[in-house]
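**Student:** One structure follows; several queries about it will come next.
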Amino acid sequence: MISKRLTPSMTALQCFEAAARHLSFTRAAEELHLTQSAVSKQVAQLEEMLCHNLFERVRQRLYLSPAGALYLAEVRKILNQVDISSRYILTYGGETEVLRIATQPTFGDRWLVPKLKHFAAKHPNIHLDVRNELEPFDVLQAKADIAFFFGQGAWPGATCIELFREAVVPVCAPGFVAEGSDASLHHTLLQCTSRPEAWHEWFLEQGLHSQNSYHGPRFDTFYMCIRAAQSGYGVALVPQYLVAEELANGSLTIPWHYTMPSAGAHFVAHAEHAGDIPKVKAFLNWMVAYVKAHPDF
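Residue numbering for the sequence shown follows full-length UniProt numbering, starting at 1 and increasing by one per position.
Take a look at the structure:
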């Protein structure tokens with residue numbers, strides 16, 4: 001026997017969210033073009049279903065109960081996802097298809113996005129929906145058709161195609177490190193969360209002391225590391241292709257000339273079952289051909 005599902009109506013969720021946001025049934029009713037009694041009834045039905053009071057009334061003022069505050073966070077996620085999904089379907093029509101791409105932020109901004117116009121010119125019937133994801137592989141099955149990632153290329157349930165390998169270099173603002181000085185842990189080393197071992201390995205590769213190489217301010221993305229280095233905050237260790245423009249215009253310089261190949265590579269991936277989907281195949285064929293034709297990007 002299938003147990004009864006606790007599935008409130010969308011109207012009830014909207015009424016609760018609006019009432020919680022305004023802390024007023026009257027203002028929620030005005031926003032939703034309902035009567036105050038209709039909003040109150042929807043919330044009461046929710047409370048009965050959940051066996052919890054969602055609001056508390058103190059001296060004729062409305063407050064969220066602890067259960068209500070917890071539920072509000074979940075309801076907002078649901079309503080937001082419904083809105084995103086509905087807008088996604090609005091982009092679909094006739095001969096047009098949408099290809100969803102997940103990419104890590106700095107890679108997407110510096111490397112991928114400037115190239116996408118070439119794909120669009122060849123495939124005008126495929127619209128691209130590109131999203132930043134710090135961990136693209138976590139969303140491939142549910143939210144993306146294509147994902148770009150850096151690593152070893154091992155990903156259960158996915159087919160991974162190596163695009164290119166990279167080398168990392170230290171960069172800083174001009175004048176931050178005295179010209180000709182040796183690599184030193186006395187300088188502020190900017191750390192990137194996604195590459196926690198980078199500085200340690202860089203010093204180790206040269207046989208240098210690396211005990212304190214994990215110390216330094218930490219940033220989620222290479223973009224933030226690059227901006228911090230430009231501001232004179234410290235020395236960042238980043239893939240050289242990401243800072244080609246800054247090195248060319250002089251806003252960044254390489255203080256210590258040791259380039260270290262990264263252990264991993266950049267890959268494009270898709271779910272194993274999606275390899276024969278025309279839009280996925282078209283993008284992969286284009287991407288592989290583009291990288292082959294432009295080895296220096």
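For each residue, glycine too, the CB sits at the ideal point set by N, CA and C.
Determine the burial state of Asp145: buried for a count of at least 16 other Cβ atoms within 10 Å of its Cβ, exposed for fewer.
**Tutor:** buried
**Student:** Beta strand (DSSP E) containing Leu237: first to last residue?
**Tutor:** 235 to 239 is the extent of the beta strand (DSSP E) around Leu237.
**Student:** For Ser213, which residues of its own chain have a beta-carbon under 7 Å away from its beta-carbon, when the five flanking residues on both sides are left out?
**Tutor:** Leu185, Leu189, Trp199, His200, Phe203
**Student:** Return the residue from the list His257, Ile277, Ile161, Gln211 that minimises the CA-CA distance to Arg100.
**Tutor:** Ile277
**Student:** Measuring CA to CA, which of Ile78, Arg227, Tyr71 is closest to Cys192?
**Tutor:** Minimum Cα distance to Cys192 is reached at Arg227.
**Student:** So the candidates are Lys281, Ala120, Leu13; which of them puts its Cα closest to the Cα of His270?
**Tutor:** Lys281
**Student:** How many Å lie between Ile2 and Val268 at the Cα?
**Tutor:** Because Ile2 carries a pLDDT of 43, less than 50, the predicted location of this residue cannot be relied on, and no value is offered for it.
**Student:** If you draw a straight line from the C-alpha of Asn80 to the C-alpha of His257, how long is it?
**Tutor:** Between Asn80 and His257, the C-alpha separation is close to 48 Å.
**Student:** Using DSSP with H/G/I as helix, E/B as strand and the rest coil, what is Met1?
**Tutor:** At Met1 the pLDDT is 38, less than 50, meaning the model places this residue with poor confidence; the figure from the coordinates comes in the next sentence. Correct three-state label for Met1: coil.
**Student:** Am I right that Gly250 and Pro174 are in contact with their C-beta atoms under 8 Å? What's the rounded C-beta distance?
**Tutor:** With a beta-carbon spacing of about 7 Å, Gly250 and Pro174 fall inside the 8 Å limit used to define contacts.
**Student:** Enumerate in chain order the residues of its own chain whose CB-to-CB distance from Glu205 is below 8 Å, with the five nearest sequence positions on each side excluded.
**Tutor:** Tyr258, Met260
**Student:** Excluding sequence positions up to five away, which residues of its chain have a Cβ less than 7 Å from the Cβ of Thr159?
**Tutor:** For Thr159, where only same-chain residues beyond five positions count, the Cβ hits under 7 Å are Ala269, His270, Glu272, Gly275.
**Student:** Under DSSP, the alpha helix (DSSP H) around Ile226 begins and ends at which residues?
**Tutor:** Where Ile226 is concerned, the enclosing alpha helix (DSSP H) starts and stops at 222 to 230.
**Student:** Would you mind sorting Ala120 into buried or exposed? The rule is 16 or more other CB atoms within 10 Å of its CB.
**Tutor:** Around the C-beta of Ala120, fewer than 16 other C-beta atoms lie within 10 Å, and the residue is accordingly described as exposed.
**Student:** Tell me, please, whether the stretch 38 to 54 touches the stretch 10 to 22 by the rule of three or more beta-carbon pairs shorter than 8 Å.
**Tutor:** yes
**Student:** May I have a chain-ordered list of the beta strand (DSSP E) segments no shorter than 3 residues that lie completely inside the UniProt domain "HTH lysR-type" (8 to 65)?
**Tutor:** 55 to 58, 61 to 64
**Student:** Helix, strand or coil: how does DSSP classify His209 here?
**Tutor:** The answer is coil: DSSP assigns His209 none of H, G, I, E or B.
**Student:** Name the DSSP bridge partner or partners of Glu166?
**Tutor:** In the DSSP output, where bridge partners are listed per residue, Glu166 has none listed.
**Student:** Determine whether the beta carbon atoms of Val238 and Val168 lie at a separation below 8 Å.
**Tutor:** yes
**Student:** Using only the alpha-carbon positions, how far apart do Ala147 and Ala102 sit?
**Tutor:** 5 Å
**Student:** Give me the Cα-Cα distance between Gly180 and Pro170, rounded to the nearest whole angstrom.
**Tutor:** Cα to Cα, Gly180 sits roughly 14 Å from Pro170.
**Student:** With respect to the beta strand (DSSP E) encompassing His270, which residues constitute its N-terminal and C-terminal limits?
**Tutor:** Looking at the DSSP string, the run of the beta strand (DSSP E) that includes His270 is 265 to 271.
**Student:** Would you mind reading off the limits of the beta strand (DSSP E) that contains His127?
**Tutor:** 126 to 132
**Student:** Name, in chain order, the residues that DSSP records as bridge partners for Phe150.
**Tutor:** His266
**Student:** For Gly216, count the other beta carbons within 10 Å of its own beta carbon; 16 or more makes it buried, fewer makes it exposed. Which is it?
**Tutor:** buried
**Student:** Report the three-state DSSP secondary structure of Arg87 (helix, strand or coil).
**Tutor:** helix
**Student:** Based on the DSSP secondary-structure assignment, which residues constitute the bridge partners of Pro261?
**Tutor:** Ala167
**Student:** For residue 312, does the count of other Cβ atoms within 10 angstroms reach 16, so buried, or fall short, so exposed?
**Tutor:** An answer regarding residue 312 cannot be provided, because it is not within the stretch 1 to 297 covered by the chain.
**Student:** Mark Glu245 as exposed unless 16 or more other C-beta atoms lie within 10 angstroms of its C-beta, in which case mark it buried.
**Tutor:** exposed
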